[in-house]
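Presented below is the structure to which this report refers.
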Amino acid sequence: MNKSVAIIGAGVSGLTCGVVFAEQGHRTAIFAKELGQQTTSGAAAALWFPYDVEPANKVIPWALETFRTLVDLARNPDSGASMIELRQFSRTEEIRIPDWAIPLGARRLSAVATALCRRAGGSRAKRLDTARRLQDFQSGFSLRVPLMDTTIYLDCLTKRLLGAGGSITENVRFENLEDVDSKYDLVINCAGIGSRELVSDAELEPHRGQVAIVPRMKDLPYAVVCDDAPLMYAIPRRNDCVFGGTNDLSDDLAVDSATTARIVAECSRALDIEKPNALAERVGLRPFRKSGVRLERARLRDGRTCVHNYGHGGSGFTLSWGCAGEVVKMATL
Ligand SMILES: Cc1cc2nc3c(=O)[nH]c(=O)nc-3n(C[C@H](O)[C@H](O)[C@H](O)COP(=O)(O)OP(=O)(O)OC[C@H]3O[C@@H](n4cnc5c(N)ncnc54)[C@H](O)[C@@H]3O)c2cc1C
């Protein structure tokens with residue numbers, strides 16, 4: 051039976067749930083303080099890869115489900131999703147390829163420093179020189195993964211939702227889930243870090259991330275990521291490139307220009323390029339939940355059914371379709 055569904059939140063979790071509900075024929079309305087680009091989701095690098103999220107036994111199946119959907123979406127270049135080679139490095143040890151990555155085609159990078167030398171036409175002397183400077187990378191592996199260009203992808207989700215008859219209302223801040231109009235039978239909580247106040251969840255921690263957007267790098271054909279401190283990534287997109295990053299326990303949404311300078315310097319050093327100008331700087335609060343993603347059905351004080359879908363930490367995009375599918379199943383039981 052079709053339901054009347056109110057979704058709180060217009061980041062990647064809320065929008066993806068909205069698309070799934072609306073395309074299944076449910077009357078779907080999203081309400082949010084901020085929309086797509088203004089949310090944490092708008093600040094994300096948005097590469098598919100499980101990171102800074104718990105618990106692994108649930109996260110990996112949701113991530114793999116999302117992977118499959120995104121591979122399909124990436125066939126349409128207008129979706130904002132595409133496939134990219136991810137080169138994941140370690141500075142400190144022999145990198146372990148996660149078990150789940152092997153069936154997806156992950157392979158060890160043999161000569162890490164040479165692999166990182168992106169100037170394929172460069173001289174041997176240049177490559178050796180680069181190798182010396184990059185000796186802090188001990189090992190790495192490569193894997194083709196989906197990348198979502200947030201500047202396109204979130205708008206595409208919005209269009210899909212509206213095209214399926216859904217609606218979005220901005221500038222709505224709920225104090226309680228019960229404040230949602232009683233004409234909706236179902237309430238879906240996709241409020242990200244906002245769930246700390248909305249449902250008084252003390253398990254949530256803001257894992258602050260800052261990125262710098264730099265001009266497009268047409269000769270960087272793959273994403274470079276190193277999770278060892280200092281966290282470093284360079285993710286080329288269609289029209290620009292995302293340099294990161296940081297992961298600190300902090301609520302501070304203000305951009306720190308010294309951090310941007312540090313990010314740009316570290317990425318430029320690793321890629322062996324001149325420092326580019328930062329076109330923009332973005333900060334977001336990854337909604338990390340100590341006891342793991344909250345994906346569960348509950349009952350509101352007024353008797354209505356609610357499904358919580360928040361706490362995706364550094365993996366909101368990576369888990370989005372897997373979690374949305376689960377939410378719809380739980381909600382329509
Ligand atoms: C720098 C950075 C890089 C990242 N890189 C990646 C990556 O490469 N891959 C990946 O998978 N993930 C990445 N992430 C993590 C990802 O961005 C988050 O997991 C994801 O954005 C969470 O999405 P969400 O929709 O749950 O929450 P949000 O995007 O925060 O959206 C929450 C929504 O709820 C609304 N809201 C909150 N409280 C209320 C309220 N009381 N009333 C009404 N509305 C409310 C907000 O306005 C907003 O619309 C990154 C994050 C950062 C900061």
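In this note's numbering, the protein residues as written are 51 to 383.
The beta carbon of each residue, even a glycine, is placed where N, CA and C say it ideally should be.
Note that the structure is a prediction, hence the values are computed from the model and not measured.
Item	Value
Member of 318, 95, 291, 383 whose CA lies at the smallest distance from the CA of residue 365	95
Residue 322 versus residue 136 - alpha carbon distance	18 Å
Cβ-Cβ separation, residue 238 to residue 254 (assumed contact under 8 Å), whole Å	Not confirmed; about 17 Å, so no contact.
Within 8 Å, strictly: CB atoms of residue 363 and residue 105	no
Distance cut-off 7 Å: residue 360 Cβ against heavy atoms of ligand 1	yes
Nearest-angstrom Cα separation, counted from residue 224 out to residue 215	23 Å
Residue 218 and residue 130 closer than 8 Å at C-beta	no
C-alpha distance - residue 54 paired with residue 267, whole-angstrom precision	45 Å
Straight-line Cα distance separating residue 358 from residue 369	14 Å
Close-in-space but distant-in-sequence residues of the same chain around residue 73 (CB under 8 Å, 5 per side omitted)	210, 214
Beta-bridge partners of residue 132, as assigned by DSSP	197
Where residue 172 falls: helix, strand or coil (DSSP)	With a pLDDT of only 44 at residue 172, under the threshold of 50, the placement of this residue in the model should not be trusted, and no figure is reported.
Residue 239, DSSP secondary structure in three states	strand
Pick from 61, 87, 337, 326 that is closest to residue 264, judged by C-alpha positions	326
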